[in-house]
Amino acid sequence: MGLCFYSVISIPTTLFFIHLMAAYWNYYEIGINASANSFSLIFFVAPVMLILFTISGYIMSNLAQRVRMKKRASVGMGILGVIITFIIGFIVISGEFSDYPRPIPHNFLEFLRYYLGLAPKKDYGI
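Below is the structure:
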């Protein structure tokens, strides 16, 4: 598949990434306020991540085709490249704020339970 296919795949991936980062910043109360966080996510993070998702999928797919993989396998490798970039991007961006003062202790599994609606946000009374 070509660069156009991975750019189409990257659009919903970028939207989900931005939504997840906004929820993460909101949960840990990182940033100035919701509108400033949204501005930085939309105008600075989203274009970079869209480009990174597209390029990583395209490169992984081309590398798989050069190793003589079938077309379906190379598409799978491209999608795997997008997923790996998603995970690494989330770890890097969330790690940038590891020293940010927040009232909730940093616990990623607790955030995932909150994000998936399995547990309410804990109030630590600070």
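Final position of the sequence shown in this note's numbering is 140; the numbers increase by one with none missing. We put the CB at the ideal spot given by N, CA and C, even for glycine. Model, not experiment: these values are computed from the prediction.
Cβ of residue i within 9 Å of any chain B Cβ
i: N40; result: The structure shown contains no chain B; it is built from a single protein chain.
Extent of the continuous alpha helix (DSSP H) to which residue i belongs
i: E124; result: 122 to 129
i: T29; result: Before going on, a small fix: residue 29 reads as Leu here, not Thr. 17 to 41 is the extent of the alpha helix (DSSP H) around L29.
i: K85; result: 85 to 109
Identity of the residue in the options nearest residue i by Cα
i: G95; options: R82, T68, P61; result: T68
i: V59; options: I98, F30, G92, R127; result: F30
i: I97; options: S54, D113, I23; result: I23
Residue i (DSSP reduced to helix, strand or coil)
i: S70; result: helix
i: V59; result: helix
i: N51; result: helix
i: I46; result: coil
i: R82; result: coil
i: S75; result: helix
i: I118; result: coil
i: L132; result: coil
Rounded distance between the beta-carbons of residue j and residue i, thought under 8 Å
i: I56; j: I25; result: With a Cβ gap of about 14 Å, I56 and I25 do not count as contacting.
i: G71; j: Y20; result: 4 Å
i: K135; j: Y42; result: With a Cβ gap of about 10 Å, K135 and Y42 do not count as contacting.
i: T28; j: L77; result: No, T28 and L77 are not in contact; Cβ-Cβ is about 22 Å, not under 8 Å.
i: F104; j: L34; result: 7 Å
i: M15; j: S108; result: Not a contact, Cβ separation roughly 30 Å.
i: T99; j: L66; result: 5 Å
i: Y129; j: A36; result: That pair is no contact at about 11 Å.
Own chain residues within Cβ distance below 6 Å of residue i, not counting five before or after
i: Q79; result: S88
i: N51; result: W39, G45
i: F125; result: Y41
Cβ neighbours of residue i in the same chain (closer than 7 Å, five flanking residues each side left out)
i: I73; result: G95
i: R127; result: A133
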